[in-house]
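Chains as they are written, first to last, in our numbering: chain A, 70 to 265; chain B, 9 to 67. Glycine included, each C-beta is placed from N, C-alpha and C at the ideal position. What you are looking at is a predicted structure, and each value in this text was computed from that prediction instead of being measured. Here the structure comes first, spelled out in structure tokens, and everything after it is commentary.
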Amino acid sequence: MTLHPVNKDNSERIRQGDIFSNVPYYESYTEKNGEFELTVYEFPYVIVLTQDCDLEQNKAARSKAADTSPMIENDKHLFSVIVAPLYNSEHLFSGQHLSLLGISSQPQNSKLKGPIQNNQNPRYHYIEFGDDVFIPNSVIDFKHYFSVSVSWLESNIEGRVCGINPLYRELISQRFSNYLSRIGLPNLDEIQTEGS
Amino acid sequence: MNNSPSISIDAPNSYGVNSQVINRQEAAKINEVPNSTNKVKKKVIRGVLKHDTSPSQQG
Chain A
70 MTLHPVNKDN SERIRQGDIF SNVPYYESYT EKNGEFELTV YEFPYVIVLT
120 QDCDLEQNKA ARSKAADTSP MIENDKHLFS VIVAPLYNSE HLFSGQHLSL
170 LGISSQPQNS KLKGPIQNNQ NPRYHYIEFG DDVFIPNSVI DFKHYFSVSV
220 SWLESNIEGR VCGINPLYRE LISQRFSNYL SRIGLPNLDE IQTEGS
Chain B
9 MNNSPSISID APNSYGVNSQ VINRQEAAKI NEVPNSTNKV KKKVIRGVLK
59 HDTSPSQQG
């Protein structure tokens, strides 16, 4: 099941499963001798992975703060939102999805593509969209997650292309958390070789 | 009054643009790279730090 139904909700609130276009990741900022240098990566599409209840409570708490005094009790405040990039599947399978950054990856042959397209590779989530969404077949790479400030997303809410519908977005979130919580075991063969 | 800071930006040579001092709006246009949609792009923005010298900020 790779076709993911979407909605085009126009609410101001950011939701889990929202897909935004042209999202920056600020890699570094330095100041030296009166000059600055800012390095930015711009991702064509990202999906919001933060829990929807956290996003809802954050929005509600900040709305209260805006209505009353500037100092308010707020233990729901979010600084940033977790997102993960969507790569054009053909670019990812060819290993060239990061070519503009000078990075190439191992091409995925048909034997490796199958598990990705069937969502059996824990690192990736493959998505196909309906005809009403102009996003090519895409792959979320859970290893490349990063965060974006809430204020940036809210200021650029017009960049929201669509939102993945409930259940499908929860499936993505669950697969993401499973990937993050994986346990890397030591390679016993290497340890035994080193010790011998 | 235009508050956009002057910045310099590295752009691909194939677009005939070298590092130069330009304003932010021009920088945004230069970074629209055709035929590279759906790939992650990198921008390097450089500029000179300026202190705010407006009267309200002076001692």
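Check your understanding: Around the Cβ of P113(A), are there at least 16 other Cβ atoms within 10 angstroms (buried) or fewer (exposed)?
Key -> Looking up residue 113(A) in the first sequence gives position 44. Buried, since its Cβ has 16 or more Cβ neighbours within 10 Å.
Exercise for review: Inspect the CB distances between the region 192-202 of chain A and the region 230-247 of chain A and report whether three or more fall short of 8 Å.
Suggested key: A contact is defined here as three or more CB-CB pairs under 8 Å, and the region 192-202 of chain A meets this definition with respect to the region 230-247 of chain A.
**Study point:** Start and end residues, alpha helix (DSSP H) containing K182(A)
**Key:** If you number the first sequence from 1, residue 182(A) lands on position 113. Run containing K182(A): S179 to Q186, per the alpha helix (DSSP H) assignment.
Check your understanding: CA-CA distance, R54(B) and E106(A)?
Key -> Locating residue 54(B) in the second sequence gives position 46, where the first residue counts as 1. Locating residue 106(A) in the first sequence gives position 37, where the first residue counts as 1. The alpha-carbon atoms of R54(B) and E106(A) are separated by roughly 4 Å.
Check your understanding: First and last residue of the alpha helix (DSSP H) that includes F245(A)?
Key -> As a position in the first sequence, residue 245(A) is number 176, starting the count at 1. From DSSP, the alpha helix (DSSP H) with F245(A) extends over Y237 to L249.
Check your understanding: Which whole-angstrom value describes the C-beta separation of K50(B) and Y110(A), a residue pair presumed to lie in contact below a C-beta threshold of 8 Å?
Key -> Translated into positions along the second sequence, residue 50(B) becomes position 42. Translated into positions along the first sequence, residue 110(A) becomes position 41. Right, their Cβ atoms sit about 6 Å apart.
Check your understanding: Within 8 Å (strictly less), CB to CB, does H73(A) reach chain B?
Key -> The residue given as residue 73(A) occupies position 4 in the first sequence. No, its Cβ sits nowhere closer than 8 Å to a Cβ of chain B.
Check your understanding: According to DSSP, is D258(A) helix, strand or coil?
Key -> Here residue 258(A) refers to the residue found at position 189 when the first sequence is read from its first residue. Reduced to three states, the DSSP call for D258(A) is helix.
Review point. Going by DSSP, what residues sit across from F89(A) in a beta bridge?
Key: Here residue 89(A) corresponds to residue number 20 of the first sequence, with the count starting at 1. Answer is V115(A) and R229(A), bridged to F89(A).
Exercise for review: Count the C-beta pairs between the region 199-213 of chain A and the region 147-156 of chain A that are closer than 8 Å, then say yes if the count reaches three, no if not.
Suggested key: yes
Practice item. List the whole-angstrom C-beta distance separating L257(A) from K47(B), where the pair is believed to meet the contact cut-off of C-beta under 8 Å. Key: The sequence position of residue 257(A) within the first sequence is 188, counting from 1. The sequence position of residue 47(B) within the second sequence is 39, counting from 1. That belief does not hold up - the Cβ atoms of L257(A) and K47(B) are roughly 39 Å apart, past 8 Å.
Check your understanding: Where does F215(A) fall in DSSP's three states?
Key -> Taking the first residue of the first sequence as 1, we reach residue 215(A) at position 146. Three-state result, F215(A): strand.
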